[in-house]
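Each residue of the sequence shown is one higher than the one before, counting from 16 in my numbering.
A short write-up of the structure that comes next.
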Amino acid sequence: SDHMENIYGYLMKYTNLVTGWQYRFFVLNNDAGLLEYFVNEQSRHLKPRGTLQLAGAVISPSDEDSHTFTVNAASGEQYKLRATDAKERQHWVSRLQICTQHHTEAIGKNNPPLKSRSFSLASQGSANSPGVQRRPSQNAVSFFSVGHHKLPTGKRVPIMQPDHLVDVREMMSQAEGQQRDLIRSIECLPVSGHLTSLDQDLLMLKATSMATMNCLNDCFHILQLQHASQQKGSLPAGTGISWLDPKISLANHFKNGAAQNFPAEINKPASVREEQSAAEPCQLTREPEEINPDEELEDISDDKEDDLGAVEEQRSVILHLLSQLKLGMDLTRVVLPTFILEKRSLLEMYADFMSHPDLFIAITNGSTPEERMIRFVEYYLTSFHEGRKGAIAKKPYNPIIGETFHCSWRMPKSDVATDAGSNFSAHSPSEQATKDLEGQTEMDYYTVKFVAEQVSHHPPVSGFYAECVERKMCVNAHVWTKSKFLGMSIGVTMVGEGLLSLLEHGEEYTFSLPCAYARSILTVPWVELGGKVNINCAKTGYSASINFHTKPFYGGKLHRVTGEVKQNTTNTVVCRVQGEWNSMLEFTYSNGETKCVDLTKLSVTRKRVRPLEKQGPFESRRLWQHVTESLRDGDIDKATEHKRALEERQRNEERLRAETETPWCTKYFLKEGDGWVYHKPLWKTVSAAQTQQTDAN
Numbered sequence: 016s017d018h019m020e021n022i023y024g025y026l027m028k029y030t031n032l033v034t035g036w037q038y039r040f041f042v043l044n045n046d047a048g049l050l051e052y053f054v055n056e057q058s059r060h061l062k063p064r065g066t067l068q069l070a071g072a073v074i075s076p077s078d079e080d081s082h083t084f085t086v087n088a089a090s091g092e093q094y095k096l097r098a099t100d101a102k103e104r105q106h107w108v109s110r111l112q113i114c115t116q117h118h119t120e121a122i123g124k125n126n127p128p129l130k131s132r133s134f135s136l137a138s139q140g141s142a143n144s145p146g147v148q149r150r151p152s153q154n155a156v157s158f159f160s161v162g163h164h165k166l167p168t169g170k171r172v173p174i175m176q177p178d179h180l181v182d183v184r185e186m187m188s189q190a191e192g193q194q195r196d197l198i199r200s201i202e203c204l205p206v207s208g209h210l211t212s213l214d215q216d217l218l219m220l221k222a223t224s225m226a227t228m229n230c231l232n233d234c235f236h237i238l239q240l241q242h243a244s245q246q247k248g249s250l251p252a253g254t255g256i257s258w259l260d261p262k263i264s265l266a267n268h269f270k271n272g273a274a275q276n277f278p279a280e281i282n283k284p285a286s287v288r289e290e291q292s293a294a295e296p297c298q299l300t301r302e303p304e305e306i307n308p309d310e311e312l313e314d315i316s317d318d319k320e321d322d323l324g325a326v327e328e329q330r331s332v333i334l335h336l337l338s339q340l341k342l343g344m345d346l347t348r349v350v351l352p353t354f355i356l357e358k359r360s361l362l363e364m365y366a367d368f369m370s371h372p373d374l375f376i377a378i379t380n381g382s383t384p385e386e387r388m389i390r391f392v393e394y395y396l397t398s399f400h401e402g403r404k405g406a407i408a409k410k411p412y413n414p415i416i417g418e419t420f421h422c423s424w425r426m427p428k429s430d431v432a433t434d435a436g437s438n439f440s441a442h443s444p445s446e447q448a449t450k451d452l453e454g455q456t457e458m459d460y461y462t463v464k465f466v467a468e469q470v471s472h473h474p475p476v477s478g479f480y481a482e483c484v485e486r487k488m489c490v491n492a493h494v495w496t497k498s499k500f501l502g503m504s505i506g507v508t509m510v511g512e513g514l515l516s517l518l519e520h521g522e523e524y525t526f527s528l529p530c531a532y533a534r535s536i537l538t539v540p541w542v543e544l545g546g547k548v549n550i551n552c553a554k555t556g557y558s559a560s561i562n563f564h565t566k567p568f569y570g571g572k573l574h575r576v577t578g579e580v581k582q583n584t585t586n587t588v589v590c591r592v593q594g595e596w597n598s599m600l601e602f603t604y605s606n607g608e609t610k611c612v613d614l615t616k617l618s619v620t621r622k623r624v625r626p627l628e629k630q631g632p633f634e635s636r637r638l639w640q641h642v643t644e645s646l647r648d649g650d651i652d653k654a655t656e657h658k659r660a661l662e663e664r665q666r667n668e669e670r671l672r673a674e675t676e677t678p679w680c681t682k683y684f685l686k687e688g689d690g691w692v693y694h695k696p697l698w699k700t701v702s703a704a705q706t707q708q709t710d711a712n
């Protein structure tokens, strides 16, 4: 009872991406089981600006920082709040949890489960749907009492025996039928009026009912396997417990929770008809094209990804999508809503990891194997910051099979660290951006060329290659992006390997990539990297182990990274690194020296790209230009239409190749074993040139 007093005070409440965080005066009304808030303390005597029923709510400390927490009401409404410090957050969270538990238990005692009854849609109407305002009559009692069954009094539920699985299967079949009827009834409602199919309560009901049935099916599947193992003594060889396929197929596109209808062909913009009627692969040249760097111009586009639009307005779309996903589900074939897209292709994102060409070129300038390994680690850790556009998690376009991206960088030789200099440029980003290369001869700068290609659609595999001919160094990599649904986050595993070749030293460095996570996908999604990566050079015996740490549930820092470089023969650590991969890194060397690198102030060199009119039809920017333009204009519907046209064309081409048994031919990358290698890597051309020179002598 000591903990049931009313508490009040100021908290910051997240409103939306436009308004952001705002101070509001909150009151916890323990007697009524309500969390109310006002504009300020002086307006406390007025009507609350908002109210949440706490019965059945979930109070969750956020994993973003030690100050933030969320209150998720049973109605589906959510408050994202932030206290001044960790102690105040704990105070609010504990009091809210006590109040929530008290009122939830009171409902169970005072309102026993009702007898089985069908769900009446007419009685659940919303006067304000699909807005976030709640009906005055709606409370946790009515929310919890839907679809419950009352057990006969005085009877105990017997312990489940294996031969009862048939009865369980029959009951689950009945539940699945009722759930399908419920979904059908909701989707048959009109999209406007007093009660609509877009009502947030109904969307939440769809999401929770689908998630419940998926979990029950998974549990039943496990019980069946256990039953079989008991009968046979052990599981059959090769048998595993895996997730079942979803019971309801995903629609290709959603608009506010409803299937999207597109206009007839005659009404489509010319650009869409052009995308759909583009030539088939057999009519396109698949011969590698030599890109002239002199045709490329410095990229002046500045598509900052700092806004997700009206996230709250799109929440129904996300809820509708989540209602058909389940834990561990592969998202490779799931078409996600257009409003979460970045304005660039995944292939261009890989190019943006090369935005520090001075650090890349400086690797080969290291005077010893130890220094070259350390320089590679320094370059590797600084590449992720620029590869991510903004703090908010948005998704780049899924490349179309055969899609390519070309670019290059020009780096003045004076800006590249020598064997005795620092590996980090002293120029600020603004100074670097305005550095004038015009008038300089080709002897005054290094050129780094980059090419990427989507070599496979299922599974989605990208190959990319970069080289600096003057310094006889190149990097080749292939990445298979495997994405999975993890509940309130999405995880992307980067399967593949990269190879850096320093031909002047005869050294090869193999490396892998960390996993990426989009967290808090129902509120403000943000990106986190996680996992352990390794860098190895077999010739020199040096290796590096780098850990990207995901934030623990309580405490800890975001985006933390630690690592060490060691000599494998002696097991001696020659360098340690710690910090955050998107802000500050600290390197400590074996001689006791330390170096701090502020990534936000590190120089960035703009890439050079050919103008759209000179690009081929399958080059990323030209291929996605109409989607990008629509996103810049904020026209999500038009962007979705253009995106759908591209994806439909890809499906038609894939179907045609399957019917004619025509294999897909890549343009720049060749399959070698489990990986993909650029068709003309520098190590082959340099070796061939040396052979010719030897023959000539």
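Ideal Cβ placement from N, Cα and C applies to all residues, glycine included.
query                                                                                                   : result
Buried versus exposed, by CB contacts within 10 Å (16 or more), S224                                    : buried
V580 - partner residues in DSSP beta bridges                                                            : A559, C590
Residue(s) in a DSSP beta bridge with D715                                                              : Nothing can be reported for residue 715, as the shown portion of the chain is limited to 16 through 712.
Beta-carbon proximity list for G48, same chain, < 7 angstroms, skipping 5 on both sides                 : Q68, L69, A70, C114, H118
Limits of the alpha helix (DSSP H) - the one that E644 falls within                                     : 640-647
Exposure label - E636; buried when at least 16 CB within 10 Å                                           : Here residue 636 is Arg; the residue named in the question, Glu, does not match the sequence. Buried, since its Cβ has 16 or more Cβ neighbours within 10 Å.
The region 534-547 contacting the region 362-381, beta-carbon criterion three pairs below 8 angstroms   : no
Exposure of L96, with buried meaning 16 or more beta-carbon neighbours within 10 Å                      : buried
8 angstroms Cβ cutoff, L614 in contact with chain C                                                     : Absent here is chain C; the protein component of the structure consists of one chain.
For V510 and P474, the rounded distance between their alpha carbons                                     : 11 angstroms
Among A72, V73, L50, nearest to K62 - alpha-carbon criterion                                            : L50
Element boundaries [beta strand (DSSP E), containing E687]                                              : 684-687
Delimiting residues of the alpha helix (DSSP H) encompassing L514                                       : No alpha helix (DSSP H) holds L514; the beta strand (DSSP E) holding it covers 505-517.
W424 and V463 closer than 8 angstroms at C-beta                                                         : yes
Residue from L697, M187, L220, R199 with nearest C-alpha to L518                                        : L697
For R625 and E310, believed in contact at Cβ under 8 angstroms, the rounded distance                    : 5 angstroms
Separation of R104 from T83, as counted between CA atoms                                                : 7 angstroms
Anticipated Cβ contact below 8 angstroms, P411 with L346, distance rounded                              : Not a contact, Cβ separation roughly 14 angstroms.
Local conformation of L220 per DSSP, three classes                                                      : helix
From R359, E608, L617, residue whose alpha carbon lies closest to that of A654                          : R359
Closest Cα partner of R664 within the set Y480, I415, Q215                                              : I415
For P529, three-class secondary structure by DSSP                                                       : coil
Length of the line joining the Cα atoms of E669 and L43                                                 : 58 angstroms
When T675, G688, H694, L671 are compared against T681, the one with the closest alpha-carbon            : H694
Check whether L514 and V484 have beta carbons under 8 angstroms apart                                   : no
Best match in E202, C590, H209 for proximity to K221 [C-alpha to C-alpha]                               : E202
Beta-carbon proximity of Q469 to E512, cut-off 8 angstroms                                              : no
Beta-carbon gap between L614 and H400 smaller than 8 angstroms                                          : yes
8 angstroms contact criterion, which G35 and M219 should meet: CB distance rounded                      : Not quite, the Cβ-Cβ distance comes to about 25 angstroms (not below 8 angstroms), so this is no contact.
Classification of P372 by the beta-carbon crowding that lies within 10 angstroms, buried from 16 upward : buried
First through last residue of the beta strand (DSSP E) which encompasses R64                            : Per DSSP, R64 belongs to no beta strand (DSSP E) and is neither H nor E.
Buried or exposed (CB count within 10 angstroms, at least 16 for buried), K699                          : exposed
Distance between R39 and M27 (C-alpha atoms, nearest Å)                                                 : 6 angstroms
Own chain, CB closer than 6 angstroms to V73, minus 5 neighbours either side, in chain order            : N87
Inter-residue spacing [alpha-carbon to alpha-carbon] between I389 and C590                              : 7 angstroms
C-beta contact flag for R623 and D314 at 8 angstroms                                                    : yes
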